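>
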Amino acid sequence: MRLTAKQTQTKTLTDLYRSIDRRQAVTLTYLDEKGEETVRTVEPFELRTGKGGVIELHAMCRLRGEARRFFLHRVTAYTTHRMAFVLERPANTTYEPTPAAPADDEMALIFFELERDPDDADHRPRRKLTAADTDLAA
């Protein structure tokens, strides 16, 4: 067990990156939001810098069976294991860029914006609307 208070953050990051590369589990002792000490065995898959420069460890938690994030400044001790990963990591979401909006035709732009909303795909009125239709008033 390595105590994070007795080593540099660089050493801790190096060990965690090594665990990610080797796909080896890590047991973390950390303080939760209430300040209570908790022990979890996790399967790390990513280290990331969050808001304000806080370093986050993203890992599959064996207790919960799902992806969790752990803040590195809350980790008080850790142990790297030689046991391999056993949990399935969630698949990455795919990013599909939206097509460019037409810039030269106003009507094309209006229809482009209406088509972007899948819930209102059929945006045409069901009946002919007149000024006397008060049942549609908001």
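All the letters of the sequence shown, read from the start, carry residue numbers -17 to 120 under the working numbering.
Beta carbons: idealized from backbone N, C-alpha and C, even for Gly.
Please read these numbers as outputs of a predicted model, since none were measured by experiment.
Nearest by alpha-carbon distance to residue 36: which of 45, 16 and 55 is it?
Looking at the Cα atoms, 55 is the closest of the given residues.
> Sort 76, 69, 113 and 60 by Cα distance to residue -12 and report the nearest one.
For the residues 76, 69, 113 and 60, the minimum Cα distance to residue -12 belongs to 60.
> Would you report the Cα separation of residue 66 and residue 41, rounded to the nearest angstrom?
Looking at the two C-alpha atoms, the distance is approximately 14 Å.
> Check each candidate in 32, 24, 38 and 30 and name the one with the smallest Cα separation from residue 46.
Measuring from the Cα of residue 46, the nearest candidate turns out to be 24.
> According to DSSP, what are the bridge partners of residue 135?
The chain is shown only over -17 to 120; residue 135 falls outside these bounds and no answer can be derived.
> Residues in its own chain within less than 7 Å of residue 94 by CB, not counting five upstream and five downstream?
Excluding positions up to five away in sequence, the list reads 83 and 84.
> Does the Cβ-Cβ distance between residue 58 and residue 91 come in under 9 Å?
No, these two residues do not count as a Cβ contact at 9 Å.
> To the nearest angstrom, how far is it from the Cα of residue 88 to the Cα of residue -10?
Their Cα atoms are separated by approximately 59 Å.
> Taking the alpha carbon of residue 53 as the point to measure from, which residue in 32, 44, 3 and 62 has its own alpha carbon closest?
Nearest option by C-alpha distance: 32.
> I'd like the span of the alpha helix (DSSP H) that includes residue -9, first residue to last.
Residue -9 -> alpha helix (DSSP H) spans -9 to 4.
> Could you name the residues that DSSP lists as bridge partners for residue 68?
According to DSSP, which records beta bridges pairwise, residue 68 is partnered with nothing at all.
> On the CB-based measure, 16 or more other CB atoms within 10 Å of its CB, does residue 79 come out buried or exposed?
Answer is exposed; the Cβ neighbour count stays below 16.
> Could you give the C-beta distance for residue 18 and residue 11, rounded to a whole number, given that I count them as a contact under 8 Å?
Residue 18 to residue 11, Cβ: 11 Å. No contact.
> How about residue 22 and residue 44: do their beta carbons lie closer than 9 Å?
Yes, they are a contact pair.
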